[in-house]
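Asker: Residue numbers (the working numbering), protein chains in the order written: chain A, 10 to 486; chain B, 434 to 703.
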Amino acid sequence: MKPTSSQFKKSARVALVDPDLQRAMGFIKTGFVEKRRAAVERLPEFDALRRSARGIKEHTLQNLDFYLEAFEERVIANGGQVHWANTPQQACDIVLGICRRAGAKRVTKGKSMVGEEIAINEALEGAGFEAIETDLGEYIIQLAEEPPSHIIAPAVHKTKSQITELFHKHHARYGYTERQTEVPGLVDEARQVLRGKFLSADVGITGANFLVAETGSTVIVTNEGNGDLTNTLPPVHIVTAGIEKVVPTREDVSTLLRVLARSATGQEMSVYTTFSTGPRRQNDLDGPTEFHVVLLDNGRSQMLGNEFHAMLRCIRCGACMNHCPVYQGIGGHAYGWVYVGPMGAVLTPLMVGLDQAGDLPNACTLNGRCQEVCPMGIELPAMLRQLRRRQYQNRQTSAVSRMALAAWSFLARRPRLYRRVLGAAVASLAWLARVRGRGRFRHMLFAGGWTCARDLPAPQGASFQNQWRKRRQGNQS
Amino acid sequence: MTSDATSSSRNDTPSIRVGLFVTCLVDLMRPNVGFAAVKLLENAGCRVEVPELQSCCGQPAYNSGDFSDSQRIARQVIAAFEPYDYLVAPSGSCAGMIKEHYPQLFATDAGWRNRAQQLAGRSYELVSFLHDVRGVAELGVARTGSVTYHDSCSGLRELGIHGQPRALLGKISGLELREMTDSNVCCGFGGTFCIKYPKISEHLVSNKVADIADTGADTLLGGDLGCLLNIAGRIKREGRATKVYHVAEVLAGMTDVPAIGDAELPDGAT
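(1) I think ASN496/B touches ARG394/A, with their Cβ atoms under 8 angstroms apart; what is that distance to the nearest whole Å?
(2) Rounded to whole angstroms, what's the CA-CA distance from GLY490/A to HIS68/A? Just pull it up for me.
(3) Going by C-alpha to C-alpha distance, which of PHE473/A, VAL26/A and TRP459/A sits closest to VAL670/B?
(4) Verify the CB distance criterion: does ASP502/B have a CB-CB separation below 8 angstroms to chain A?
(5) Buried or exposed: which applies to MET352/A, given that a residue is buried once 16 or more other Cβ atoms fall within 10 Å of its Cβ?
(6) To the nearest angstrom, how far is the alpha carbon of THR435/B from that of VAL256/A?
(7) Say whether chain B places a C-beta atom closer than 8 angstroms to the C-beta of ALA421/A.
(8) For ALA48/A and ASP306/A, which I take to be in contact (beta-carbon distance under 8 angstroms), what is that distance rounded to the nearest angstrom?
(9) TYR630/B CB to nearest chain A CB: under 8 angstroms?
(10) Is it buried or exposed for THR439/B, if we count other Cβ within 10 angstroms and need 16 for buried?
(11) For LYS66/A, count neighbouring C-beta atoms within 10 Å of its own C-beta (all shown protein chains included) and say buried if the count is 16 or more, exposed if not.
(12) Ignore the nearest five residues each way along the sequence and tell me which others in ARG425/A's own chain have a CB closer than 8 angstroms to its CB.
(13) Taking only beta-carbon positions, decide if CYS383/A is within less than 8 angstroms of chain B.
(14) What are the residues in the stretch 658-677 of chain B lying within 7 angstroms of chain A by C-beta distance?
(15) Could you pull the start and end residues of the beta strand (DSSP E) that GLN90/A belongs to?
(16) Any beta carbon of chain A sitting closer than 8 angstroms to that of GLU682/B?
(17) Considering only the alpha carbon of each residue, which of GLY578/B, PRO516/B, SER526/B and GLY467/B lies closest to ILE605/B?
(18) How far does the alpha helix (DSSP H) with PHE419/A in it extend, from its first residue to its last?
(19) Assuming ILE229/A is part of the alpha helix (DSSP H), what are its boundary residues?
(20) How would you call VAL26/A, buried or exposed, if buried means at least 16 neighbouring beta carbons within 10 angstroms?
(21) Using only the alpha-carbon positions, how far apart do GLU253/A and ALA570/B sit?
(22) Measuring alpha carbon to alpha carbon, tell me which residue in ILE103/A, ASN130/A, ARG83/A and GLU191/A is nearest VAL116/A.
(23) Just the chain A side, please: which residues come within less than 9 angstroms of ALA643/B by C-beta, in chain order?
(24) Please identify the residue among ARG271/A, VAL280/A, LEU359/A and CYS329/A whose C-alpha is closest to the C-alpha of MET312/A.
(25) State the DSSP-derived secondary structure class of ARG505/B, mapped to helix, strand or coil.
(26) Flag this pair as yes or no: are the beta carbons of GLN597/B and VAL574/B separated by less than 8 angstroms?
(27) Taking beta-carbon pairs under 7 angstroms, can you tell me which members of the stretch 463-475 of chain B lie near chain A?
(28) How would you label VAL430/A, buried or exposed, when you count the other beta carbons within 10 angstroms and need 16 or more for buried?
(29) Who are the near neighbours of VAL595/B in its chain, counting only those whose CB is closer than 7 angstroms to its CB and skipping five residues on each side?
(30) How is the alpha helix (DSSP H) around THR249/A delimited, first residue to last?
(31) Using 10 angstroms around the beta-carbon of ARG667/B, count the other beta-carbons present and answer buried if the total reaches 16, otherwise exposed.
(32) Does VAL569/B come out as helix, strand or coil in the three-state DSSP assignment?
(33) Identify, in the order they occur along the chain, each residue of the same chain with its Cβ nearer than 7 angstroms to the Cβ of PHE534/B, setting aside the five sequence neighbours on each side.
(34) Could you give the DSSP three-state label for TYR517/B: helix, strand or coil?
(35) Which residues in the same chain as ALA363/A place their Cβ atom closer than 7 angstroms to its Cβ, once the five residues preceding and following it in sequence are excluded?
(36) So the beta strand (DSSP E) LYS118/A belongs to, where does it begin and stop?
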């Protein structure tokens with residue numbers, strides 16, 4: 010998708026007054042934050058587990074070339090193929106080439122954030138293939154022609170009644186003319202429609218939560234079982250994954266899975282965990298006849314070893330966005346690209362360009378809750394600050410804010426002048442408040458950013474420093 | 434400096450020398466918090482001085498990506514406070530800047546990094562200093578009514594301040610502490626964030642004010658003036674009656690001044 014992150018401010022304003030979105034976002038607190046908290050409480054060794062999970066990812070990143078090559082060797086030994094893509098365009102071309110060679114018409118898809126990153130649906134449809142999302146949330150937003158608003162709950166911004174209308178509009182042609190207004194009815198209808206697609210698909214595309222170097226397996230976790238129908242029924246299975254997804258062993262995967270599910274949904278384990286290891290073997294009863302893994306770089310290798318290195322540890326659990334008060338307020342679409350919330354505010358500028366996404370690193374209070382809950386201990390606030398530093402160095406910040414900052418710094422570096430200038434300023438503000446008999450200002454020139462949302466409490470009077478000096482002089486004389 | 438401190442104890446003055454980092458917001462907006470800090474520190478057996486060469490900790494520049502001005506300001510703070518046994522600030526945000534971020538600011542400058550680390554090791558937020566370092570057990574303060582406490586983010590997550598203010602508030606006879614929902618969630622201040630993204634900030638602070646109102650407490654307390662100015666401003670804008678004070682003012686029994694954003698003296702004050 011074309012990034013719309015440059016429209017952030019406007020999109021956020023609209024989102025904040027959208028009653029349906031605000032109602033839907035209420036789920037984040039009850040559905041994710043509370044459940045994660047309870048799951049962590051039930052597991053006293055969660056922090057130790059988190060540390061070992063982090064160690065596994067860090068070790069792998071330190072030896073990324075080795076584990077990626079080991080993974081490739083095992084995939085080939087299993088009878089599969091590995092394709093390396095530097096850019097989203099290359100990744101799409103590889104996938105389209107495989108689909109064409111397979112003579113495919115219909116392609117089913119499991120949920121894949123790399124799929125979103127490379128915009129594979131648009132590419133498939135543009136090339137004349139029918140692409141069908143099979144994860145319920147992804148299916149909903151595909152019908153609505155919207156991007157995901159959350160990395161694990163892509164349709165979290167939709168209310169039930171919006172989904173009722175969406176299904177009513179799109180499912181009539183399959184003979185479902187009655188409006189389903191309850192969750193079981195909606196799920197059942199989607200399941201019936203998708204069943205036919207699963208059985209007639211020529212290619213299945215999934216993402217990967219992990220790639221296992223020792224076995225050449227790709228691993229996905231789902232709660233709906235749609236991933237299994239996508240990767241076993243069609244004759245061709247394509248996996249799209251970022252290069253940072255590789256881990257050394259199955260044992261490592263099991264550690265990471267325990268951290269992932271708890272951080273994401275508060276589950277002990279996701280309902281389905283599936284290892285795909287090569288195409289169907291001679292005596293297998295089912296499975297694809299072709300198995301392809303498309304490994305995407307798209308800027309990741311640039312992040313290795315620089316100040317954003319730790320971002321490659323991200324396992325896409327969504328805990329950072331679930332706990333972000335800004336995300337909870339504005340939802341995912343305002344971020345303007347496929348990755349949202351704090352992790353998106355770091356990744357989007359790095360992947361689509363800081364000039365395209367200048368608001369994202371700034372629209373954050375640096376409250377640190379994302380880092381606190383991140384199972385991988387990624388210092389997201391520090392990274393956002395580093396992006397601000399790049400903006401400042403590249404002069405990508407507004408002239409007004411640069412001037413205000415420069416004036417402040419000029420005074421701050423000259424404490425005596427600072428005391429005289431600002432001491433006089435607050436004393437006159439305090440006087441103004443006093444003669445009006447009020448302790449606050451409703452409006453103030455040059456402070457509209459503050460007073461449009463709240464009153465400005467008046468200063469008490471003379472500054473502390475000026476009062477302190479005066480008292481000391483009084484004591485000495 | 435330690436020897437200096439020891440020698441001064443001989444002539445019956447407190448041996449612990451604290452340099453008070455006033456913070457720019459307390460200095461300019463709410464001096465009463467600074468005087469409350471002085472009183473609390475003196476009662477805890479410290480000799481308090483206010484180094485003249487201080488202004489701001491440099492956080493506005495740091496969080497705006499201007500690391501070089503931030504370094505210049507940090508050097509000034511380090512030099513001014515090096516002579517003291519402790520640096521104490523009535524703000525988790527500024528103390529966090531000095532303790533956590535100054536050493537990082539000089540990652541590539543061994544000399545200043547060392548000085549920053551030395552100072553970081555002796556720098557504290559006021560309430561945690563009183564509780565953890567000075568072991569304050571009695572305040573000699575009474576107050577009727579109910580309060581609720583907002584955990585400001587930097588103090589909570591960078592410095593682990595959570596139990597200390599509650600423990601000290603528990604020593605005030607007659608005071609009832611009512612916990613709010615999500616006391617650990619950001620109020621939407623965020624420094625320049627609140628004026629750059631006022632609508633998002635308004636959403637966050639409105640949620641905070643609703644959580645505060647739900648407790649029914651008559652007073653909101655917190656340890657960071659930035660957050661308190663934001664929340665008090667919103668409380669006033671919504672026409673609510675909750676009073677807002679910095680926790681130091683209550684701990685010191687110095688609430689005989691109008692609450693933040695008020696012109697009138699609180700009930701019962703003379």
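No residue lacks a Cβ here, since even glycine has one placed at the ideal position from N, Cα and C. Note that the coordinates shown come from a computational prediction; the quantities given were computed from them, not determined experimentally.
Answerer: Answer, in terms of the structure:
(1) 6 angstroms
(2) Since the first residue shown for chain A is 10 and the last is 486, residue 490/A is missing from the structure and cannot be characterised.
(3) In the sequence under discussion, the amino acid at residue 670/B is Arg, which differs from the Val named in the question. The shortest Cα separation from ARG670/B among PHE473/A, VAL26/A and TRP459/A belongs to TRP459/A.
(4) yes
(5) buried
(6) Here THR435/B scores only 39 on pLDDT, less than 50, and its place in the model should not be relied on; the value that follows carries that caveat. Their backbone Cα atoms lie some 52 angstroms apart in a straight line.
(7) yes
(8) ALA48/A to ASP306/A, Cβ: 34 angstroms. No contact.
(9) yes
(10) Caution applies to THR439/B, whose pLDDT of 39 falls short of 50 and renders its modelled position unreliable; the value that the coordinates give is listed next. Flag for THR439/B reads exposed.
(11) buried
(12) none
(13) no
(14) LEU662, ASN663, ALA665, GLY666, ARG667, LYS669 and ARG670
(15) 90-94
(16) no
(17) GLY578/B
(18) 408-421
(19) Here ILE229/A belongs to no alpha helix (DSSP H); instead the beta strand (DSSP E) covers 226-231.
(20) exposed
(21) 52 angstroms
(22) ASN130/A
(23) None at all; the shortest Cβ gap to chain A is about 13 angstroms.
(24) LEU359/A
(25) helix
(26) no
(27) ARG463, PRO464, ASN465 and GLY467
(28) exposed
(29) The residue you asked about is not Val; residue 595/B is His in the sequence shown. The answer, listed in chain order, is ASP584 and LEU589.
(30) That residue, THR249/A, is in no alpha helix (DSSP H); its beta strand (DSSP E) goes 245-251.
(31) buried
(32) coil
(33) It should be noted that the sequence gives His, not Phe, for residue 534/B. These residues qualify, in order along the chain: TYR495.
(34) coil
(35) In the sequence on display, residue 363/A carries Leu and not Ala. Contacts found: LEU396, ARG399, GLN400 and GLN405.
(36) 115-118
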